[in-house]
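Undergrad: Attaching a single structure in structure tokens format; questions to follow.
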Amino acid sequence: MVENFAISLRGLKKTFGTTTAVDNLDLDIASGEFFSMLGPSGSGKTTVLRLIAGFEQPTAGTISLLGQDVTASAPFDRDVNTVFQDYALFPHMNVLENVGYGLRVRGINKDGRNRLALEALETVRLAQLGERKPSELSGGQRQRVALARAIAVKPKVLLLDEPLGALDLKLREQMQIELKELQRELGITFIFVTHDQEEALSLSDRVAVFNAGRIEQLGTPRELYENPASEFVAKFVGTTNLLEPDQTQLLFGVSKRASLRPEKIRVVETGGTQAVILEVSYLGAAQRLLVKTDNGVQLTVLATAEERVFAREQTVHLQMSATDLVSLEP
Amino acid sequence: MRDSASVSELQANPVVRVSSARRISTLLYARAKLRLALLLAAPVFWLGLVYIAALLAMFVTALYSVDSFTGDIRPGFNLDNIASLFTDPLYVNVTMRTLGVALLVTVVDVLIALPIAFFMAKVASPRLQRILVIAVLMPLWASYLVKAYAWRSVLSNTGLAQWLLQPLGLSTPGYGIPAVVITLGYLWLPYVILPIYAGLERVPNSLLEASSDLGAKTWATLRLVVFPMLVPAVIAGSIFSFSLSLGDYITVNIVGGPNQMLGNLVYTNIGTANNLPMAATVALVPVVIMFGYLAAVRRTGALDNL
């Protein structure tokens with residue numbers, strides 16, 4: 011291998027009994043990349059993470075870490091660390107002992123590990139809570155302790171298994187920003203597993219969309235959103251209008267299966283396609299309209315909130331362009 | 112038809128059919144204290160009268176004495192019996208022996224139970240796990256006496272132990288203190304396995320994964336994560352094996368050879384010696400030891416695990 015990727019997966023396969031969780035996966039993740047694995051539950055993304063961490067042994071294929079084959083290595087011999095979905099903090103140790111655990115088993119003396127653990131806690135701004143037990147922390151604080159514990163041993167790659175899943179929306183948004191800053195600061199590779207497409211898009215350099223044990227599409231967030239390769243990706247990443255060939259024929263005069271993003275359709279005063287509003291949802295920053303055009307096609311339209319106030323059964327004019335259609339493979 | 116009839120009847124005359132059961136329910140619903148009193152009447156009666164009163168009676172009887180001539184019990188306040196526990200070499204020796212046996216049984220049981228419970232909770236498939244729980248519980252369905260006599264036969268000079276050990280140049284331990292420890296260890300093992308198994312079940316797998324993820328090898332994970340979290344469960348199990356061993360006298364009769372434990376002294380004082388106050392005094396020893404043991408483990412939080 012010429013280039014040393016942080017992680018290289020080749021022909022990776024994992025079956026549990028008769029179910030195939032990961033199906034013949036090839037994937038390279040560059041050093042320093044913020045990489046997300048996005049997919050619905052059961053799509054195999056968490057299994058890939060557990061295979062990289064070493065908690066599961068692959069049925070076939072190889073895993074390389076910085077060009078070195080670690081397929082047969084135990085988790086404690088791999089230079090990767092995991093932030094668990096349930097945080098997995100040791101309940102009988104205080105925060106400082108939790109964060110210092112990886113250093114302790116590496117034989118670093120108490121003074122040394124306390125100093126390094128405190129440093130790690132400072133990066134997540136929790137240095138003052140070292141004496142607390144995990145049970146005395148809030149969810150967001152536990153999340154940060156888990157993060158500090160994983161980065162205290164300075165791994166090459168950090169694996170994050172839906173780390174923000176248990177937090178409420180406000181805290182999740184704040185942690186997203188902090189995660190991104192932390193990754194930039196530390197310069198280590200983040201592999202982030204999530205089922206939240208918004209989270210994946212906003213954080214990642216690249217995203218792999220998983221479906222049924224395979225990567226459905228791999229690309230930058232913009233590529234995935236603007237050019238979904240399949241119906242699955244178009245539906246899973248953002249919301250979209252999936253149009254059948256007869257519908258595109260009616261609306262645009264071209265016949266193909268295609269995706270049309272709701273925000274690409276504009277509501278205009280006159281002209282364009284006439285439609286009736288079936289439903290209006292007020293979203294604060296925007297309004298989502300469900301409309302039915304004169305020729306009977308139902309569409310979701312995203313209009314800005316200040317545009318004007320829409321109401322049910324109102325007639326509107328829609329402007330849309332065939333160039334915004336993204337054709338999907340059958 | 113009938114339904115609609117009764118509905119219209121109810122509508123016409125809503126309070127016509129209030130049964131006495133309903134009236135009692137209504138009464139109880141409004142009176143939480145009465146409800147609680149009814150709920151706890153039977154257990155409080157049992158605990159208060161049958162349990163604590165009997166214990167107190169035993170303590171009072173320990174202060175009585177026996178007329179050595181007539182054999183009659185003389186009520187009164189007399190500390191001679193209690194003093195003889197500390198001065199009579201027989202009582203001192205037997206107390207120390209009983210304590211030693213109980214401790215040894217507990218240590219042996221914990222050492223055997225730990226790997227079994229770990230296998231059950233963390234390695235076995237869910238199906239095998241259920242089978243093993245039943246297998247561990249199964250000996251409890253058989254009579255205590257049958258199991259003790261089975262060990263007597265196994266440990267006899269012509270028994271299974273002799274047959275197995277002879278080719279190795281060893282022989283059966285025969286009847287005595289080792290046989291008592293083996294038999295009691297066998298008898299109480301399920302009571303030690305189950306709390307440890309339950310304690311391990313409460314250690315999430317992700318903690319073990321996190322430990323190895325952070326670089327800990329198997330032994331370090333056991334030492335730093337599993338054992339500290341298991342301490343309450345181990346103590347809970349040890350309370351069973353320790354207290355059950357302290358009070359036992361049948362096993363030592365069957366496989367103990369000439370040795371006696373505290374239970375035997377109680378038994379002979381009631382029967383052969385006809386000295387009920389002394390029997391009560393000896394019976395206090397395990398009670399006092401257990402109080403000391405429980406007070407010591409209370410600090411560890413193990414009693415939350417029982």
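If you read the protein sequences in the order shown, they are chains C and P. Here the first sequence is numbered in the numbering used here, starting from 11 and rising by one per residue. Here the second sequence is numbered in the numbering used here, starting from 112 and rising by one per residue. The beta carbon of each residue, even a glycine, is placed where N, CA and C say it ideally should be. In this text, all values refer to a predicted model and were calculated from it rather than measured experimentally.
1) Taking the DSSP output, what are the residues bridged to residue 233/P?
2) Taking Cβ-Cβ distances below 8 Å as the criterion, which residues of the region 323-353 of chain P are in contact with chain C?
3) What does the alpha-carbon distance come out to for the pair residue 111/C and residue 334/P?
4) For the structure I just gave you, are there three or more beta carbon pairs, one from the region 399-409 of chain P and one from the region 380-388 of chain P, closer than 8 Å?
5) Here's a check: name, in chain order, each residue in its chain whose Cβ is nearer than 7 Å to the Cβ of residue 332/C, leaving out the five neighbours to either side.
6) Buried or exposed: which applies to residue 28/C, given that a residue is buried once 16 or more other Cβ atoms fall within 10 Å of its Cβ?
7) Which residue comes first and which comes last in the beta strand (DSSP E) that contains residue 300/P?
8) Mind listing which residues of the region 112-128 of chain C have their C-beta closer than 8 Å to chain P's C-betas, in chain order?
9) Answer yes or no: the CB of residue 233/C versus the heavy atoms of the ligand MG, is any distance below 7 Å?
10) With a cut-off of 8 Å, does the C-beta of residue 315/P fall near any C-beta of chain C?
11) Return the chain-ordered list of same chain residues with a C-beta closer than 8 Å to the C-beta of residue 129/P, the five sequence neighbours on each side being excluded.
12) Kindly list the residues whose CB is nearer than 8 Å to the CB of residue 259/P, restricted to its own chain and excluding five residues on each side of it in sequence; keep chain order.
13) How do the region 144-157 of chain C and the region 308-315 of chain P stand: do at least 3 beta-carbon pairs fall below 8 Å, yes or no?
14) Taking DSSP as the reference, what is the three-state secondary structure of residue 362/P?
15) Using DSSP with H/G/I as helix, E/B as strand and the rest coil, what is residue 332/P?
16) Going by C-alpha to C-alpha distance, which of 391/P, 340/P and 408/P sits closest to residue 176/P?
17) Give me the subset of the region 163-174 of chain C whose CB atoms are less than 7 Å from a CB atom of chain P, sorted by chain position.
18) Take residue 231/P and list the residues in its own chain whose beta-carbon comes closer than 6 Å to its own, dropping the five residues that flank it on each side.
19) Name the residues in the region 293-321 of chain P whose C-beta lies less than 8 Å from a C-beta of chain C; which are they?
20) So with Cβ pairs under 8 Å, would you call residue 92/C a contact of chain P?
21) So, is the C-beta of residue 176/C closer than 8 Å to a C-beta in chain P?
22) Pick helix, strand or coil for residue 289/C, following the three-state DSSP scheme.
23) Taking the Cβ atom as the reference point for each residue, do residue 301/P and residue 251/P lie within a distance shorter than 8 Å?
24) Please classify residue 169/C as buried or exposed, where buried requires at least 16 neighbouring CB atoms within 10 angstroms.
25) Taking only the alpha-carbon atoms, compute the straight-line gap between residue 166/P and residue 379/P and give it to the nearest angstrom.
26) Taking C-beta pairs closer than 7 Å, name the residues in chain P that residue 86/C reaches, listed in chain order.
27) Note down, in chain order, every chain P residue with its Cβ under 7 Å from the Cβ of residue 102/C.
28) Once the 5 residues before and after residue 204/C are set aside, which same chain residues still bring their CB inside 7 Å of it?
29) Which residues, in order along the region 266-281 of chain C, keep a beta-carbon less than 9 Å from a beta-carbon of chain P?
30) Would you check if the distance between the CB atom of residue 329/C and the CB atom of residue 290/C is smaller than 8 Å?
31) Is the shortest distance between the beta-carbon of residue 65/C and the beta-carbons of chain P less than 8 Å?
TA: In this structure, then:
1) The sequence position of residue 233/P within the second sequence is 122, counting from 1. In the DSSP output, where bridge partners are listed per residue, residue 233/P has none listed.
2) 323, 324, 325, 326, 327, 328, 331, 335, 336, 339 and 340
3) The residue given as residue 111/C occupies position 101 in the first sequence. The residue given as residue 334/P occupies position 223 in the second sequence. C-alpha separation (whole angstroms): 12 Å.
4) no
5) In the first sequence, the residue the question calls residue 332/C occupies position 322. Correct list, in chain order: 262 and 264.
6) What you label residue 28/C is simply residue 18 of the first sequence in a count that begins at 1. Exposed, since its Cβ has fewer than 16 Cβ neighbours within 10 Å.
7) Here residue 300/P refers to the residue found at position 189 of the second sequence. Here residue 300/P belongs to no beta strand (DSSP E); instead the alpha helix (DSSP H) covers 288-312.
8) 112, 114, 115 and 116
9) As presented, the structure is devoid of all ligands, the ligand MG included, so that no description of it is given.
10) Here residue 315/P corresponds to residue number 204 of the second sequence, with the count starting at 1. Yes, because at least one Cβ of chain C sits closer than 8 Å to the Cβ of residue 315/P.
11) Working through the second sequence from its first residue, we reach residue 129/P at position 18. Around residue 129/P: no qualifying Cβ.
12) Counting from one through the second sequence, the residue named residue 259/P turns up at place 148. Once the five neighbours on either side are set aside, the close Cβ partners of residue 259/P are 294, 298, 361, 362, 365 and 366.
13) no
14) Within the second sequence, residue 362/P is the residue found at index 251, counting from 1. It is helical.
15) As a first step, residue 332/P is located in the second sequence; it is residue number 221 there, counting from the start. Residue 332/P: helix per DSSP, three-state reduction.
16) Against the second sequence, residue 176/P aligns to sequence position 65. It is 391/P whose Cα lies nearest to the Cα of residue 176/P.
17) 163
18) Position 120 of the second sequence, counted from the start, is the residue given in the question as residue 231/P. Once the five neighbours on either side are set aside, the close Cβ partners of residue 231/P are 240, 243 and 308.
19) 315, 317, 318, 320 and 321
20) On the first sequence, position 82 is the one that residue 92/C refers to. Yes, residue 92/C lies at the interface with chain P (some Cβ there is under 8 Å from its Cβ).
21) Taking the first sequence and counting its residues from 1, one reaches residue 176/C at position 166. Output row for residue 176/C: interface = no.
22) If you number the first sequence from 1, residue 289/C lands on position 279. The answer is strand: DSSP assigns residue 289/C an E or B state.
23) As a position in the second sequence, residue 301/P is number 190, starting the count at 1. As a position in the second sequence, residue 251/P is number 140, starting the count at 1. Contact: yes.
24) Indexing the first sequence from 1 puts residue 169/C at position 159. Burial call: buried.
25) Here residue 166/P is taken as the residue at index 55 of the second sequence, counted from 1. Here residue 379/P is taken as the residue at index 268 of the second sequence, counted from 1. Looking at the two C-alpha atoms, the distance is approximately 20 Å.
26) In the first sequence, counting from the first residue as 1, residue 86/C sits at position 76. What residue 86/C touches in chain P: 323, 326, 327 and 328.
27) For the purposes of this step, residue 102/C is taken as the residue at position 92 of the first sequence. Ordered by position in chain P, the residues that pass the 7 Å Cβ test against residue 102/C are 339 and 340.
28) As a first step, residue 204/C must be located in the first sequence, where it is residue number 194. So the qualifying residues of the chain are 46, 48, 172 and 210.
29) none
30) The residue you call residue 329/C lines up with position 319 of the first sequence. The residue you call residue 290/C lines up with position 280 of the first sequence. No, the Cβ-Cβ distance between residue 329/C and residue 290/C is not below 8 Å.
31) Residue numbering aside, residue 65/C sits at position 55 when the first sequence is read from its first letter. Closer than 8 Å: yes.
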